[in-house]
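J.: 35 is the number of the first residue of the sequence shown in this note's numbering; add one for each residue after it. For each residue, glycine too, the CB sits at the ideal point set by N, CA and C. This one's a predicted model, so the numbers in the text were calculated from it and none came from an experiment.
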Amino acid sequence: MAETTPKKKKKSEFAKLPGGDKLLLTIGYILLGLFVVAIILPMVYIILASFIDPITLQNSGLTFDFSKWTTTAYERVLENAQIWVGFKNALIYSVLFTVISVVVTLLAAYPMSRADFKGKGFFNTIFVITMFFGGGLIPTYLLISSLGMLDTIWAILLPGAFSVWNMIIARTYYMGVPRDLQEAAEIDGATEMIYFFKILLPVCTPIIATISMWQFVGMWNSYFDAMIYLNDAAKQPLQLVLRSILIQNQPEPGMVSDMQSTAARAQMAELLKYATIIISSLPLLIMYPFFQKYFDNGIMAGAVKG
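#1: Which residues does DSSP list as the beta-bridge partners of Ile86?
#2: Expressed to the nearest angstrom, what Euclidean distance is found between the alpha-carbon atoms of Ser242 and Pro52?
#3: Within 10 Å of its beta-carbon, does Asp99 have 16 or more other beta-carbons around it, so buried, or fewer, so exposed?
#4: Please classify Gly54: does DSSP put it in a helix, a strand, or coil?
#5: Do Val138 and Phe196 have their C-beta atoms closer together than 9 Å?
#6: Looking at the secondary structure, which residues open and close the alpha helix (DSSP H) in which Phe166 lies?
#7: To the nearest angstrom, how far is it from the Cα of Tyr263 to the Cα of Arg110?
#8: Just how far apart, CA to CA, sit Arg213 and Met321?
#9: Along the chain, where does the alpha helix (DSSP H) containing Lys122 start, and where does it finish?
#10: Decide if Trp199 is buried, meaning its Cβ has at least 16 other Cβ atoms within 10 Å, or exposed.
#11: Pop quiz: Leu234 and Val211 are said to be a contact at Cβ under 8 Å. What is the actual Cβ separation, rounded to whole angstroms?
#12: For the pair the stretch 202 to 210 and the stretch 267 to 280, tell me if three or more CB-CB distances fall below 8 Å.
#13: Provide the residue span of the alpha helix (DSSP H) that contains Ala268, from first to last.
#14: Could you spell out the range, first to last residue, of the alpha helix (DSSP H) harbouring Leu215?
#15: With burial defined as no fewer than 16 other Cβ atoms inside 10 Å of the residue's Cβ, what is the status of Leu140: buried or exposed?
#16: Whose C-alpha, out of Ile117, Leu316, Ala309, is nearest the C-alpha of Ala83?
Okay, structure coming up:
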């Protein structure tokens, strides 16, 4: 019988690397693992703490004794009208801000990507200057007041709608699109408008999705502009409601009003913090998986050329 030669095991890509590269990758993996743990552990703690009875949490910490768990915090948060008003406002502001910002950014980036655009260097210098120098809070407030936008939705949407950084990323992505595509469109009689909206934008889906996610997350997490420009509680986003709960330790009226002792009110306020953090983070956690497939491509494609 013919002897069968044992198959040699293929070396992994890591095994083929030199010793120095192995050491560097190992250190990188360890640091990455520590970074992931540093992110996951606080999230797990907040999720568990939001379900545990406040007295048990204060005295014993986290426990997996489900008899000590409660959904009281979520019930009180979801029953509060101001939370829902803030949630609705935050969602409206974030969606509208994303749409306005993406449209303005993409339109501004297109001429800046064209080599035949006269004045390109001048406008590029002006844009870059605004990345490092701003007018300041008081002049900006006076400008918003003079324009009659105080206590309106436009004070939240318009001032930060144009991002120079996003414009540079989009411009670089445009420059990476083959010039042959535009030349073919010109031969077929397509105008600049047709080329931009029907040919260029469809192939720029990764960068559009990336910028959209950046702007949505930025507006969703923002509270400072609303705190400065909005006075009407009915127009305030969720972030201001959370700020009063998380930082000022002032839950909305009715959330702890039935608590008899000061200690019980403080314990419930502490529990409400965890529940509000979870509820406010849900839209971002739900949205990210849908944008993830575009995220890496959008960032890397916009970073190749300069």
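T.: Let me lay it out:
#1: In DSSP, Ile86 forms a bridge with Trp103.
#2: Per the sequence shown, the amino acid found at residue 242 is Ile instead of Ser. Roughly 40 Å between the two C-alpha positions.
#3: exposed
#4: Gly54: helix per DSSP, three-state reduction.
#5: yes
#6: 154 to 166
#7: 29 Å
#8: 34 Å
#9: 115 to 147
#10: So Trp199 counts as exposed.
#11: Correct: roughly 6 Å between the Cβ atoms.
#12: Remark: fewer than three beta-carbon pairs, one from each stretch, lie closer than 8 Å, so the stretch 202 to 210 and the stretch 267 to 280 are not flagged as touching.
#13: First-last for Ala268: undefined, no H or E at that position.
#14: 213 to 221
#15: buried
#16: Here the closest residue by C-alpha is Ala309.
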